[in-house]
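So the sequence shown is numbered by UniProt numbering: it starts at 1 and just counts up by one.
No residue lacks a Cβ here, since even glycine has one placed at the ideal position from N, Cα and C.
Here the structure is a predicted model, which is why all the values come from computation and not from measurement.
The block underneath contains the structure these notes are about, expressed in structure tokens.
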Amino acid sequence: MSIDTLRDLLPAYAKDISLNLSSLASETILSDQQKWGTFLASAHAIGVAPVVRAIEAQAATVLSPEAMNAAKAAAAIMGMNNIYYRSLHLMKNHEYTTLLARLRMNVLANPGVEKMDFELWSTAVSAINGCGACLDAHEGELRKHGIANTQVQAALRIGAVVHAASRIIASETALAA
1 MSIDTLRDLL PAYAKDISLN LSSLASETIL SDQQKWGTFL ASAHAIGVAP VVRAIEAQAA
61 TVLSPEAMNA AKAAAAIMGM NNIYYRSLHL MKNHEYTTLL ARLRMNVLAN PGVEKMDFEL
121 WSTAVSAING CGACLDAHEG ELRKHGIANT QVQAALRIGA VVHAASRIIA SETALAA
């Protein structure tokens, strides 16, 4: 499977999503590791099987096993952190923000790839999961380390398009069942 296989799964009404997948797969503003790690982390964050399989197959042609693992780890840890920190951000009682999280997050300190690549992937996943607090935190780290706003935008665009493709394929699968 590949991005082209994924594009073939999309119905005609999702032509814009298909074209966006193609153009983002050819994006050059990100390194291949940044780009395909973002695709992979985004697919795993959403978890729609045909999308995960297609993107994982394409990413495996570019990413090292360590980078594949780190992209999946970004989806996993953000799956937890985005819920926790979004809740703290939304709650009126700010006392909770003064308490230690008491959640293991060791992968953040040692993700197995360049820290800024992991931050970029975490930003895309945080956008998918809708956590403004995490988006601000990860984007702030990226900017402190000189990552251009156009690179952050590219990661957000990948997350958005992978999300749209996943929702479409999930809906079409539901209709076919």
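(Q) The alpha helix (DSSP H) that contains E139, what's its start and end? (A) Your numbering for residue 139 matches position 139 in the sequence shown. Counting along the chain, the unbroken alpha helix (DSSP H) around E139 starts and ends at 132-144.
(Q) Please classify L19 as buried or exposed, where buried requires at least 16 other C-beta atoms within 10 Å of its C-beta. (A) Numbered from its first residue, the sequence shown carries residue 19 at position 19. Exposed, since its Cβ has fewer than 16 Cβ neighbours within 10 Å.
Q | Three-state secondary structure assigned by DSSP to T5 | A | The residue given as residue 5 occupies position 5 in the sequence shown. Helix at T5.
Q: Report yes if the C-beta distance between A70 and P111 is below 7 Å; otherwise report no.
A: Here the question's residue 70 lines up with position 70 in the sequence shown. Here the question's residue 111 lines up with position 111 in the sequence shown. Contact flag set, yes.
Q) By DSSP, does T97 sit in helix, in strand, or in coil? A) As a working mapping, residue 97 is identified with position 97 in the sequence shown. Three-state result, T97: helix.
Q) Per DSSP, what kind of secondary structure is P50 in: helix, strand or coil? A) Against the sequence shown, residue 50 aligns to sequence position 50. The answer is helix: DSSP assigns P50 an H, G or I state.
**Q.** Rounded C-alpha distance that separates residue 178 from N93
**A.** Shown here, the chain extends from 1 to 177; a query on residue 178 therefore has no answer.
Q) At what residue ranges does the stretch 14-65 contain a whole run of the alpha helix (DSSP H), taking only runs of 4 or more? A) 15-25, 32-46, 49-59
Q: Below 7 Å CB to CB, which residues in the same chain sit around H145 once its five sequence neighbours on both sides are set aside?
A: Counting from one through the sequence shown, the residue named residue 145 turns up at place 145. Around H145: M116.
Q. Where does G79 fall in DSSP's three states?
A. On the sequence shown, position 79 is the one that residue 79 refers to. Helix, per DSSP.
(Q) Considering Cα atoms alone, identify which of P11, G132, A177, N149 is closest to I168. (A) Taking the sequence shown and counting its residues from 1, the one referred to as residue 168 is at position 168. Closest in alpha carbon position to I168, among P11, G132, A177, N149, is P11.
Q. Is M91 helix, strand or coil by DSSP?
A. Along the sequence shown, read from residue 1 onward, the residue named residue 91 stands at position 91. M91: coil per DSSP, three-state reduction.
Q | Minimum C-alpha distance to L100 - residue among V113, E114, Y85, A25 | A | Here residue 100 corresponds to residue number 100 of the sequence shown, with the count starting at 1. With distances taken between Cα atoms, L100 lies closest to Y85.
Q. If you draw a straight line from the C-alpha of R53 to the C-alpha of S166, how long is it?
A. What you label residue 53 is simply residue 53 of the sequence shown in a count that begins at 1. What you label residue 166 is simply residue 166 of the sequence shown in a count that begins at 1. Near 11 Å, if we compare the C-alpha coordinates of S166 and R53.
Q. Going along the chain, which residues of its own chain have a beta-carbon closer than 8 Å to the beta-carbon of E66, five neighbours each way excluded?
A. Walking along the sequence shown from the start, residue 66 turns up at place 66. The answer, listed in chain order, is G112, V113.
Q) Cα separation between T97 and T123? A) The count along the sequence shown starts at 1 and reaches residue 97 at position 97. The count along the sequence shown starts at 1 and reaches residue 123 at position 123. Going by the C-alpha atoms only, they are around 21 Å apart.
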